[in-house]
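A.B. asks: Line order of the protein sequences matches chains C and R. For what it's worth, UniProt numbering labels the leading residue of the first sequence as 1, then goes sequentially. For what it's worth, UniProt numbering labels the leading residue of the second sequence as 1, then goes sequentially. Idealized CB from N, CA, C, for every residue including glycine. It should be emphasised that the depicted structure is a prediction, and the values quoted were computed from it without experimental measurement.
Number of protein chains: 2
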Amino acid sequence: MRTAERKGQGRVPAHPEIGDVSLQQVLEALVDPVRRSIVRELYTSNEDRACGTFGLTVSKSTATHHFNVLREAGLIRQRYVGTSRMNTLRRSEIEEVLPGLLEAVAGRGDD
Amino acid sequence: MRTAERKGQGRVPAHPEIGDVSLQQVLEALVDPVRRSIVRELYTSNEDRACGTFGLTVSKSTATHHFNVLREAGLIRQRYVGTSRMNTLRRSEIEEVLPGLLEAVAGRGDD
Chain C
1 MRTAERKGQG RVPAHPEIGD VSLQQVLEAL VDPVRRSIVR ELYTSNEDRA CGTFGLTVSK
61 STATHHFNVL REAGLIRQRY VGTSRMNTLR RSEIEEVLPG LLEAVAGRGD D
Chain R
1 MRTAERKGQG RVPAHPEIGD VSLQQVLEAL VDPVRRSIVR ELYTSNEDRA CGTFGLTVSK
61 STATHHFNVL REAGLIRQRY VGTSRMNTLR RSEIEEVLPG LLEAVAGRGD D
C-alpha cells in the first residue's frame, strides 16, 4: 500500500474545475435515471458515500461508468479510500454556477 | 376555414396535464440545446411566439419535431392561429411541479 493510501488520503481521479462545468454536460448526466438516483441519494443524505452503498441494480462496471459520468460533469467528487471510491456531491459549487438545479432535480421524489 | 379558426381560437394539439409531467421527460426535452434555446427564449422574452420567430438553424421539420417534444413534455402550450403555431411556456405550471428548474436551465446564458 502506498503512503497516500495508508494516510487515508487516497488517489484522486481527474475532476473538472467548477468554472468549466457545462450545463449541457450536467443535463446529459442528470437525464439518466440511475445517475439521478445517485445524485438524489447524495443530496438527501448529505454525506459522502462509497460506490457500493447505493443499492444500484446495474452491474459494477455500469455503475462505475455512471459515477465517472457524474464526476466528469462536475457533479460529484471522488476519492479512493483504500479500495473504495468515496463520492461527494459538489453541492455548493454546483449551486454557485447553476443555482436551483440540484434542488429542482434531486430535492424531491422522482416520477 | 373552419369556424374555430375564423374566430382566432385555432386548433389545439394534445397537451399533457401538468400532474402527468415527468421529470424524466422534461430533462429529455431540455438536454437538447436547440430545445433549450427555445425554452430560454420563451423564458426571457416572457411572451408567446410563433414557431418561425426563433431563428433556429435547423430545418422546418426538425424544428417542428423539437416543438412537439417540448409540448409533449409539458413545457410549452401550442395553439394554431391561422396557419401559425403560437408557443407559450407553461411557466407557472412547471414552477409548481418542478420549482426552480426553468430558472436554473433557462434563466441564464448557456455554456
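DSSP has Gln-78(C) in a bridge; who is on the other side?
C.D. replies: In the first sequence, residue 78(C) corresponds to position 78, counting from 1. According to DSSP, which records beta bridges pairwise, Gln-78(C) is partnered with Asn-87(C).
A.B. asks: What residue range does the alpha helix (DSSP H) around Asn-46(R) cover?
C.D. replies: Position 46 of the second sequence holds residue 46(R). Looking at the DSSP string, Asn-46(R) is not in any alpha helix (DSSP H), and its letter there is neither H nor E.
A.B. asks: With a cut-off of 8 Å, do at least 3 Cβ pairs link the segment 65-80 of chain C to the segment 20-37 of chain C?
C.D. replies: By the Cβ criterion, the segment 65-80 of chain C is in contact with the segment 20-37 of chain C, since at least three pairs of Cβ atoms, one from each stretch, lie closer than 8 Å.
A.B. asks: Could you give the distance in angstroms between the alpha-carbon of Pro-99(R) and the alpha-carbon of Arg-49(C)?
C.D. replies: One-based indexing of the second sequence puts residue 99(R) at position 99. One-based indexing of the first sequence puts residue 49(C) at position 49. Those two C-alpha atoms are separated by around 27 Å.
A.B. asks: Run through DSSP, which three-state label would Ala-50(R) get?
C.D. replies: Residue numbering aside, residue 50(R) sits at position 50 when the second sequence is read from its first letter. Collapsing the DSSP output to three states places Ala-50(R) in a strand.
A.B. asks: If you draw a straight line from the C-alpha of Asn-87(R) to the C-alpha of Gly-55(R), how long is it?
C.D. replies: Position 87 of the second sequence, counting from 1, holds the residue named residue 87(R). Position 55 of the second sequence, counting from 1, holds the residue named residue 55(R). So the alpha carbons of these two residues sit roughly 14 Å apart.
A.B. asks: By the 7 Å beta-carbon criterion, what residues does the segment 25-44 of chain C contribute toward chain R?
C.D. replies: Listed in sequence order: Leu-27, Glu-28, Leu-30, Val-31, Pro-33.
A.B. asks: What residue range does the alpha helix (DSSP H) around Glu-72(R) cover?
C.D. replies: Position 72 of the second sequence, counted from the first residue, corresponds to residue 72(R). It spans 60-72 - the alpha helix (DSSP H) in which Glu-72(R) sits, taken as one unbroken run.
A.B. asks: What residues of chain R sit near Leu-89(C), judged by a beta carbon separation below 8 Å?
C.D. replies: In the first sequence, residue 89(C) corresponds to position 89, counting from 1. In chain order: nothing, as chain R lies at least about 16 Å away.
A.B. asks: Please classify Leu-30(C): does DSSP put it in a helix, a strand, or coil?
C.D. replies: By 1-based counting over the first sequence, the position of residue 30(C) is 30. Residue state, collapsed to three classes: helix.
A.B. asks: Using the Cα positions of Leu-42(R) and Val-81(C), report the straight-line distance between them to the nearest angstrom.
C.D. replies: For the purposes of this step, residue 42(R) is identified with residue 42 of the second sequence, where counting begins at 1. For the purposes of this step, residue 81(C) is identified with residue 81 of the first sequence, where counting begins at 1. In this structure, the alpha-carbon of Leu-42(R) lies about 47 Å from that of Val-81(C).
A.B. asks: Could you compute how far the alpha carbon of Leu-27(C) sits from the alpha carbon of Val-12(R)?
C.D. replies: Residue numbering aside, residue 27(C) sits at position 27 when the first sequence is read from its first letter. Residue numbering aside, residue 12(R) sits at position 12 when the second sequence is read from its first letter. Using only the alpha carbons, I get a separation of about 30 Å.
A.B. asks: Applying the criterion that 16 or more other CB atoms from any shown protein chain within 10 Å of the CB defines a buried residue, is Ala-4(R) buried or exposed?
C.D. replies: Locating residue 4(R) in the second sequence gives position 4, where the first residue counts as 1. Residue placement at Ala-4(R) is flagged as unreliable, the pLDDT there being 43, under the threshold of 50; a coordinate-derived value is accordingly withheld.
A.B. asks: Step through the CB atoms of chain C and report whether any lies within less than 8 Å of the CB of Leu-98(R).
C.D. replies: In the second sequence, the residue the question calls residue 98(R) occupies position 98. Yes, Leu-98(R) lies at the interface with chain C (some Cβ there is under 8 Å from its Cβ).
A.B. asks: Helix, strand or coil: which one does DSSP assign to Ser-22(C)?
C.D. replies: The count along the first sequence starts at 1 and reaches residue 22(C) at position 22. Here Ser-22(C) sits in coil by DSSP.
A.B. asks: For Glu-5(C), name the three-state secondary structure that DSSP assigns.
C.D. replies: Your numbering for residue 5(C) matches position 5 in the first sequence. Per-residue confidence for Glu-5(C) stands at a pLDDT of 43, beneath the threshold of 50, marking its modelled position as unreliable; no derived number is given.
A.B. asks: Which residues in chain R sit within 8 Å of Glu-103(C), going by Cβ to Cβ distance?
C.D. replies: Indexing the first sequence from 1 puts residue 103(C) at position 103. At a C-beta separation below 8 Å, Glu-103(C) has these neighbours in chain R: Pro-99, Gly-100.
A.B. asks: Along chain R, in chain order, which residues have C-beta atoms closer than 9 Å to that of Leu-75(C)?
C.D. replies: Here residue 75(C) refers to the residue found at position 75 of the first sequence. Simply none; closest approach about 13 Å.
A.B. asks: Which residues bound the alpha helix (DSSP H) around Val-105(R)?
C.D. replies: Here the question's residue 105(R) lines up with position 105 in the second sequence. Where Val-105(R) is concerned, the enclosing alpha helix (DSSP H) stretches over 101-106.
A.B. asks: Any Cβ of chain C within less than 8 Å of the Cβ of Leu-23(R)?
C.D. replies: Indexing the second sequence from 1 puts residue 23(R) at position 23. Yes, Leu-23(R) lies at the interface with chain C (some Cβ there is under 8 Å from its Cβ).
A.B. asks: Just the Cα atoms here: how many angstroms apart are Ser-59(R) and Val-39(C)?
C.D. replies: Position 59 of the second sequence holds residue 59(R). Position 39 of the first sequence holds residue 39(C). The straight-line gap from Cα to Cα measures roughly 36 Å.
A.B. asks: Below 8 Å between beta carbons: does that hold for His-15(C) and Arg-35(C)?
C.D. replies: Position 15 of the first sequence, counting from 1, holds the residue named residue 15(C). Position 35 of the first sequence, counting from 1, holds the residue named residue 35(C). It is not a contact, given that the beta carbons lie outside the stated cut-off.
A.B. asks: Using the Cα positions of Glu-96(R) and Ser-45(R), report the straight-line distance between them to the nearest angstrom.
C.D. replies: On the second sequence, position 96 is the one that residue 96(R) refers to. On the second sequence, position 45 is the one that residue 45(R) refers to. So the alpha carbons of these two residues sit roughly 20 Å apart.
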